[in-house]
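Numbering (full-length UniProt numbering), first residue to last: 1 to 100.
Okay, structure coming up:
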């Protein structure tokens, strides 16, 4: 399993609308992608307007090729992209340990 970790910055004044949009985009676009295994969205308490989006993918290629190179990526960006103050910083990680 691969974890896509996206550090997203938005204008805090738009937080409520962004949260509606990201939930919509995740459920209607990303959740339909091949290799999608789940996600979580976290909002920072110390840095208003900062969100960490983690998407769980079966393989790195499911994200970097199957999703990023598909029309669904443009659809996703049309939903959430207008909120971004800057392009998100995205890294891919491997799960080392998780408590239940």
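Virtual Cβ for every residue (Gly too), placed ideally from N, Cα, C.
- Counting C-beta atoms within 10 angstroms of its own C-beta, residue 45 has fewer than 16 neighbours from the protein chains shown and is therefore classed as exposed.
- Remark: C-beta atoms of residue 30 and residue 41 do not approach each other more closely than 9 Å.
- With a contact defined as Cβ atoms closer than 8 Å, residue 35 and residue 58 qualify at about 4 Å.
- According to the DSSP assignment, residue 45 belongs to no beta strand (DSSP E), since it is labelled neither H nor E.
- Residue 49 is a Cβ neighbour of residue 85, given a cutoff of 9 Å.
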